[in-house]
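*Asks:* The structure follows.
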Amino acid sequence: MELIITEKDNAARRIADILSGGGASTERSGGVNVYEWGGRRCIGLSGHVVGVDFPPEYSDWRDVEPAELAHAPVTKTPTQESIVNVLKRLAADADSAVIATDYDREGELIGKEAYELVRKANDDVPISRVRFSSITENEVQSAFADPDDLDFDLAAAGEARQIVDLIWGAALTRFLSLSARQVGDDFISVGRVQSPTLKLIVDKEREIEAFDPEDYWELFADLTKEETAFEAQYFYLDEEDTEAERVWDEGDAEAAFATLREAASAVVESVRRRTRTDDPPAPFNTTQFIRAAGSLGYGAGRAMSIAEDLYTAGYITYPRTDNTVYPEDLDPAELLDALSAQRDFADSVSLLQELDELEATRGDEETTDHPPIHPTSDLPSKSDLSEDEWELYELVVRRFFATLAEPAEWEHLRVVAAADDASLKANGRRLLEEGYHAVYPYFSADENHVPDVEEGEELAVSDPRLEAKQTQPPRRYGQSRLIETMESLGVGTKSTRHNTIEKLYDRGYIENDPPRPTRLAMAVVEAAEEYADLVVSEEMTADLEADMTAIAEGEKTLEEVTEESREILERIFEELGDSREEIGEHLRESLKADKRLGPCPDCGEDLLVRRSRQGSYFVGCDGYPECRFTLPLPSTGEPVVLDSECEEHGLNEVKMLAGRSTFVHGCPLCAAEEAAETEDRVIGPCPECGEAHGGELAIRKLQSGSRLVGCTRYPDCEYSLPLPRRGDIEITDDYCEEHDLPELIVHDEGSEEPWELGCPICNYEEYRARQGLDDIEGIGSKTKEKLSAAGVESVADLREADAEAVADDVDGVSAERVRDWQAKAD
DNA sequence: GCAAGGTC
């Protein structure tokens, strides 16, 4: 029996399909698919199934000096036990094994991990390696016809990276976290990729903060030829004799304005016509896909998550790729033919089919990892996809069209005219050949009409305008520009860059979109710059890349590279010496600044956003325990302190981040006052803390406009029940005997009948009982079908189900994912 | 409870 090992299940299935000619059978064991046919078995891993870590005696942050990690041993342990076990079992009775992981450096390392697991189970089985850059009949067949050996040097290069990243990341993260006494969930992280990325954002913010705006003026006037008016802009020649539009002196601007106002006509001095070719774009790699999705309003993480779904469903190729050159195997004509079946694409396909030849554009990056992202011949119907999925699917399809289409042709027309001694210019552009724009509407093809004029012609001048402006600070990085910059610096990979940005949000380093750094982020970057400059610099990646290349080429060993790196880190810790307190003080001060709202109305100390032991947020006084002033915060989302201040209390406003239901809560003191005045109506004892602490349930309105039944001891007690957003709530005299609460009626103008909601606890319990599976985030319609088939038909079923058992029964669902849904269901 | 890199 020959055992074939791929990097992921999807690849295993497709390779089995190709090699077996469609005759492979699937067996599921331990939650892992094994494909089998004529003397062969194929199993897909899930990326890395083992990971590096320190031995357990290094796991306590307080017991081990961070500096000790610089010379700590590093071990490998399975991280995906079930896959590892199945792999070993299959390896034990294999006669040969073939590693068929992805054709890139990390794939070679994942291949070596598989190699070692196979060896452990079977010490004399021959193990070979096949390489192919797209899973097509030709490539796969020829790769398997001529297998190669694993490249252990290349894998070692990857291992060196793992070790260096772990040691640096863990040692410096622990150091900063301990110095600031932030060792719980809110530790302070540092790493080779995240920290230079954060520094990009921080540096930009520093430029913005240091920016000093300058006043300038721009002037415009309309020129008219035979009733066709077009806008022209004033310009002059500066000291270097180059054209300038910005006038820096107000007096000069006023003088030019006077000239334009007094001029009745302008004489055309020059007319220049040029045609410009506008080439179609290159095929999509991950970064360019994220950028294009970004211009449609999708964040990087969201775009990748949708792409992942489209890939898993078989509609597009693998979304994590560096490659911008289609493989030779790809037959555009055949794929176009398949895509013409979809009505939305039929017109574009016919346009392309009329071309004499179909030659795709090529980008600068040509790699072996995967093909560029393109649609497959497996078409979804519009109803299979959500609106967002369809929008991005169409983007991928149309990008594919664009890469096959003709260039566009533009005519640029530049007219310069003189109104007395003031020069005016206009730039027109006209699309002569629509080219790829006809099939790819995402790039602007706007025209700017300037009529045909001739030199010496006299044009009427009207409506002169003088606009006072100011120079603007540099723009912040948007997510996609950040990812492009990371790529150009070689920081991160196609699979991780968007995750890195999300990590910076999670760690409290950045807020908003485009991201802005917090005070904490500024302090972390400052500390790193002073003591461990390398870790916030993209040079660390560049140096490591050079070392990895050397290892891959046999010029250096893994030991040499990691030892050298350990020594550099050791020296950093020597220099850190006794600055620990000072660094910690600065970090703590910055953390406080991020949470500070303003003066406490009771004692004048700072009010801060704090977190209760149960994990909920509230506003508390820095003077605690002497001052016990508190204010509640909404129970949904994470609070962010905004720059804007409440005029009445001088407190900063608060925004609650909760994904798409993010809202501005405003000043917490105003909210508390409003709640106290209006809607706090006590209805009965709190079932959670009523007996022990006398807590009571009340109908309360939150600043966000939503209402709930909540405990009066909030935030100490977080018991709450949902209420409808609209309508007046009537408290009746009928009582629910079970819960000792009055029955409620909702009177909503929008509905004819009042809604007899009843006892709020009974109502909530009933709601939970009938809640559907698709109410839970992350369960799509297809997954729902599969779950139903496995007997999980309602949320109630889900709550009671055994996660492992469900994972075994349902294809493509892990126990972890089930537990995640269960957590959401509760 | 640290990193970054795979994949779900």
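Residues 0 to 825 (numbering that gives the first Met the number 0) make up the first sequence, in order.
For glycine and all other residues, C-beta sits at the position ideal for the given N, C-alpha and C.
None of the values given here were measured: they were computed from a predicted structure.
1) Which residues mark the beginning and the end of the alpha helix (DSSP H) in which K111 is found?
2) Taking C599 as the reference, give the member of P667, V745 and Q613 with the closest Cα.
3) Out of E625, R160, Y102 and G665, state which residue places its alpha-carbon closest to the alpha-carbon of N835.
4) Go through its chain and collect everything with a Cβ distance to A467's Cβ below 6 angstroms, but skip five positions before and after it.
5) Mapping the DSSP letters down to three states, classify Y233 as helix, strand or coil.
6) For D8 and F400, what's the separation of their Cα atoms in angstroms?
7) Using only alpha-carbon positions, find the residue among I571, R397 and L568 that is nearest to P374.
8) Under the three-state reduction of DSSP, which class applies to Q79: helix, strand or coil?
9) From R273 to R429, what distance separates their C-alpha atoms?
10) Rounded to a whole number of angstroms, what is the C-alpha to C-alpha distance between R506 and L533?
11) Assign P55 to one of two classes, buried (16 or more other C-beta atoms within 10 Å of its C-beta) or exposed (fewer than that).
12) I'd like the list of long-range same chain contacts for R518, defined as Cβ closer than 7 angstroms, with 5 residues on each side in sequence excluded.
13) Would you check if the stretch 339-358 and the stretch 262-270 touch, i.e. whether three or more CB-CB distances between them fall below 8 angstroms?
14) What runs of the alpha helix (DSSP H), each 4 residues or longer, lie entirely inside the stretch 494-534?
15) Given this structure, state the Cα-to-Cα distance separating L740 from E729, to the nearest angstrom.
16) Output the distance between the C-alpha atoms of A291 and A332, rounded to the nearest integer angstrom.
17) Quick check: what's the CA-CA separation for E755 versus E388?
18) Please say whether R27 and M0 have beta carbons closer to each other than 8 angstroms?
19) Would you say the stretch 471-483 touches the stretch 186-202, given that touching needs at least three Cβ pairs under 8 angstroms?
20) Which residue spans inside the stretch 179-238 form an unbroken alpha helix (DSSP H) run of at least 4?
21) What number of angstroms, rounded off, separates the C-alpha of S611 from the C-alpha of L403?
22) How do the stretch 418-425 and the stretch 233-251 stand: do at least 3 beta-carbon pairs fall below 8 angstroms, yes or no?
23) Tell me which residues share the same chain as F628 and place their Cβ nearer than 6 angstroms to its Cβ, disregarding the 5 neighbours each side in the sequence.
24) What three-state label does DSSP hand F399 in the structure shown?
25) In the DSSP assignment, find the unbroken beta strand (DSSP E) run with Y34 in it and report its ends.
26) When you compare each of E268, V270, Y297 and Q232 to A252 by their alpha carbons, which one comes out closest?
27) Does DSSP put T25 in a helix, a strand or coil?
28) Find the nearest neighbour of L177 within the set E206, G583, V48 and V452, judged by alpha-carbon distance.
29) Can you tell me whether L754 is helix, strand or coil according to DSSP?
30) Can at least three beta-carbon pairs, one atom from the stretch 142-159 and one from the stretch 496-512, be found at a separation below 8 angstroms?
31) Just checking, does the stretch 267-283 make contact with the stretch 410-420 on the three C-beta pairs under 8 angstroms criterion?
32) In the stretch 616-693, which residue ranges form an unbroken beta strand (DSSP E) of at least 3 residues, counting only runs that do not cross its ends?
33) Grouping DSSP H, G and I as helix and E and B as strand, with all else coil, what is K468?
34) In the structure shown, what three-state DSSP assignment does I567 receive?
35) Residues in its own chain within less than 6 angstroms of R587 by CB, not counting five upstream and five downstream?
36) Take D577 as the anchor and find which of W167, A66 and P638 has the nearest alpha-carbon.
*Replies:* If we stick to the structure as given:
1) R104 to A120
2) P667
3) Within the shown structure, residues of the chain are numbered from 0 to 825, placing residue 835 beyond reach of any answer.
4) Cβ within range, chain order: W216.
5) DSSP places Y233 in strand when its eight states are reduced to three.
6) Roughly 29 angstroms between the two C-alpha positions.
7) R397
8) In this structure, Q79 counts as coil in the three-state DSSP scheme.
9) 11 angstroms
10) 21 angstroms
11) exposed
12) S589, A592 and D593
13) no
14) Secondary structure remark: continuous alpha helix (DSSP H) runs of at least 4 residues inside the stretch 494-534, in chain order: 496-505 and 518-530.
15) 13 angstroms
16) For A291 and A332, the gap between their C-alpha atoms comes out near 25 angstroms.
17) 39 angstroms
18) Cβ atoms of M0 and R27: not closer than 8 angstroms.
19) yes
20) 193-209
21) When rounded, the distance between both Cα atoms is 58 angstroms.
22) yes
23) C599, D601 and C620
24) helix
25) V31 to W36
26) Q232
27) strand
28) G583
29) Contrary to the premise, residue 754 reads as Trp rather than Leu in this sequence. Under the three-state reduction of DSSP, W754 is assigned to strand.
30) no
31) yes
32) 616-620, 629-631, 637-644, 651-656, 662-665 and 680-684
33) K468 falls in the strand class under three-state DSSP.
34) helix
35) A179, listed in sequence order.
36) A66
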